[in-house]
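First up is the structure itself, then whatever we jot down about it.
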Amino acid sequence: MKVVEHIEKRREPLFSYEIVPPLRGSSVRDIVDIVEALAPLNPPWIDVTSHSSSTQYLESNDGTIKKRTFKKRPGTLGICGVIQNRFRIDTVAHLLCVGFSKEETEDALIELNFLGIENVLALRGDAPNIPKVVAAGRRANNYAVDLVAQIEGVNQGNFLDELGKGDPFDFCIGVAGYPEKHFEASCLQADIQSLKRKVDAGASYVVTQMFFENQKYFDFVKACRDAGIQVPIIPGLKVLRSPGQLNNLPRNFYIDLPPQLVEEVQSHPTHTLEIGKRWCQKQVQELLDFGVPAVHFYVLNDVQVVTDVVRGFQK
Ligand code: FAD
Numbered sequence: 031m032k033v034v035e036h037i038e039k040r041r042e043p044l045f046s047y048e049i050v051p052p053l054r055g056s057s058v059r060d061i062v063d064i065v066e067a068l069a070p071l072n073p074p075w076i077d078v079t080s081h082s083s084s085t086q087y088l089e090s091n092d093g094t095i096k097k098r099t100f101k102k103r104p105g106t107l108g109i110c111g112v113i114q115n116r117f118r119i120d121t122v123a124h125l126l127c128v129g130f131s132k133e134e135t136e137d138a139l140i141e142l143n144f145l146g147i148e149n150v151l152a153l154r155g156d157a158p159n160i161p162k163v164v165a166a167g168r169r170a171n172n173y174a175v176d177l178v179a180q181i182e183g184v185n186q187g188n189f190l191d192e193l194g195k196g197d198p199f200d201f202c203i204g205v206a207g208y209p210e211k212h213f214e215a216s217c218l219q220a221d222i223q224s225l226k227r228k229v230d231a232g233a234s235y236v237v238t239q240m241f242f243e244n245q246k247y248f249d250f251v252k253a254c255r256d257a258g259i260q261v262p263i264i265p266g267l268k269v270l271r272s273p274g275q276l277n278n279l280p281r282n283f284y285i286d287l288p289p290q291l292v293e294e295v296q297s298h299p300t301h302t303l304e305i306g307k308r309w310c311q312k313q314v315q316e317l318l319d320f321g322v323p324a325v326h327f328y329v330l331n332d333v334q335v336v337t338d339v340v341r342g343f344q345k
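Here it is, written out as structure tokens:
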């Protein structure tokens with residue numbers, strides 16, 4: 031079922047989860063364990079992130095240095111297939127512009143369609159440490175809006191040139207939104223206009239970057255509605271779990287942490303996990319009171335912490 035159908039038909043609060051493929055060389059068992067742990071929470075859908083290749087320099091024993099470019103976390107489509115068909119839980123496959131040609135994206139959409147997966151999250155991705163060269167004769171999507179347009183194209187049966195017209199697909203397309211502004215955008219209003227272009231191109235819902243202060247989400251939703259964005263805007267949450275994240279999260283995700291949360295953790299660093307869970311539970315309760323369409327958790331494969339938070343809201 032599509033994400034928007036889950037939202038329309040919901041009778042109870044919806045809690046969705048985002049997981050990350052295991053590192054190259056790990057067994058699929060790693061991901062199965064995570065899904066088995068999430069399954070008792072009855073997830074309406076699970077997102078699986080996508081990762082473009084990055085370049086590493088590896089030194090061998092004889093001192094020579096080899097350059098290797100590879101995906102550290104491959105397997106997004108296969109993992110979606112396992113979750114969808116083995117666990118009968120709907121999945122959202124993340125698709126990126128960065129690192130993928132339009133031709134590769136079309137192939138991925140065909141695979142997803144064959145696997146019975148109906149949802150994709152269309153993202154630009156971040157610049158890899160060495161950009162992938164698009165092979166001659168191939169094209170790339172530059173921004174998420176271009177990727178949305180390509181997916182919406184196959185939803186109309188418009189494939190790339192060689193095939194031309196084909197059987198239409200029916201993907202539900204989600205996109206990313208940033209209550210605290212995307213770090214490259216000149217201002218929040220400009221970023222919201224970019225978001226509107228993604229919705230106008232065919233996106234049916236938005237999932238936000240993580241935030242720790244609900245007022246930022248409330249203000250963002252209002253600004254989006256004022257700009258004419260009418261689709262569901264699903265808040266994304268993460269449980270703060272270690273003192274180190276006081277620095278890591280702002281640095282990696284360009285977000286602010288509320289002074290009250292920072293002070294609490296700095297005063298009681300050994301209790302960070304408990305503080306983080308309590309903070310997140312408070313956020314969830316306020317968001318549910320506000321009437322959000324669902325709450326999306328960035329699990330990052332740390333299931334127990336999220337389970338502890340969600341259990342308190344389920345009968
Ligand atoms: P876009 O919507 O393309 O926007 C990127 C920037 O360009 C913004 O500043 C925007 O304002 C600006 N912009 C947009 N269109 C134009 C234009 N036409 N001209 C000029 N400027 C423009 N990353 C991964 O690698 N894998 C994942 O699985 C993944 N999952 C994510 C899930 C969620 C819910 C979120 C919020 C983020 C995720 N990311 C993921 C991170 C994401 O790829 C980065 O934040 C990336 O930098 C931006 O992606 P976007 O889709 O928001 O880009």
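Heads up: the sequence shown begins at 31 in the working numbering, then just goes up one per residue.
Ideal Cβ placement from N, Cα and C applies to all residues, glycine included.
Exposed or buried, what is residue i when buried is set at 16 or more other beta-carbons lying within 10 Å of its beta-carbon?
i, result
"F100", "exposed"
"M31", "exposed"
"Q180", "buried"
"R154", "buried"
"K96", "exposed"
"L88", "exposed"
"N171", "buried"
"A206", "buried"
"N278", "exposed"
"G55", "exposed"
"A220", "exposed"
"R39", "Checking the sequence, you will find Lys at residue 39 rather than Arg. Its Cβ having fewer than 16 others within 10 Å, K39 is exposed."
"F320", "exposed"
"V163", "exposed"
"D120", "buried"
"S234", "buried"
"D77", "buried"
"Q21", "Shown here, the chain extends from 31 to 345; a query on residue 21 therefore has no answer."
"P299", "exposed"
Between residue i and ligand 1, is the CB less than 8 Å from at least one heavy atom?
i, result
"L145", "no"
"Q239", "yes"
"F320", "no"
"D221", "yes"
"L287", "no"
"T300", "no"
"S48", "In the sequence as displayed, the identity of residue 48 is Glu instead of Ser. Yes, the beta carbon of E48 sits closer than 8 Å to at least one heavy atom of ligand 1."
"L153", "yes"
"V292", "no"
"V163", "no"
"E134", "no"
"D63", "no"
"V128", "yes"
"T79", "yes"
"V205", "yes"
"V333", "no"
"G266", "yes"
"E214", "yes"
"D230", "no"
"Y235", "no"
"A174", "yes"
"S84", "no"
"L44", "no"
"Y247", "no"
"D200", "no"
Residue i by DSSP, collapsed to three states: which one?
i, result
"F130", "coil"
"F144", "helix"
"R281", "helix"
"A220", "helix"
"F250", "helix"
"I305", "helix"
"V150", "strand"
"D338", "helix"
"D156", "coil"
"I64", "helix"
"H346", "Residue 346 is absent from the model: the chain starts at 31 and stops at 345."
"L125", "strand"
"K195", "strand"
"F189", "coil"
"F201", "coil"
"H298", "coil"
"I181", "helix"
"I259", "coil"
"R54", "coil"
"F343", "coil"
"K32", "coil"
"R40", "coil"
Based on DSSP bridge pairs, tell me the residues matched to residue i.
i, result
"F327", "Y47, L267"
"G207", "T238"
"H81", "None, per the DSSP bridge assignment."
"E89", "I95"
"N115", "None; N115 has no bridge partner."
"I76", "Y47, T121"
"A170", "S131"
"F100", "S84"
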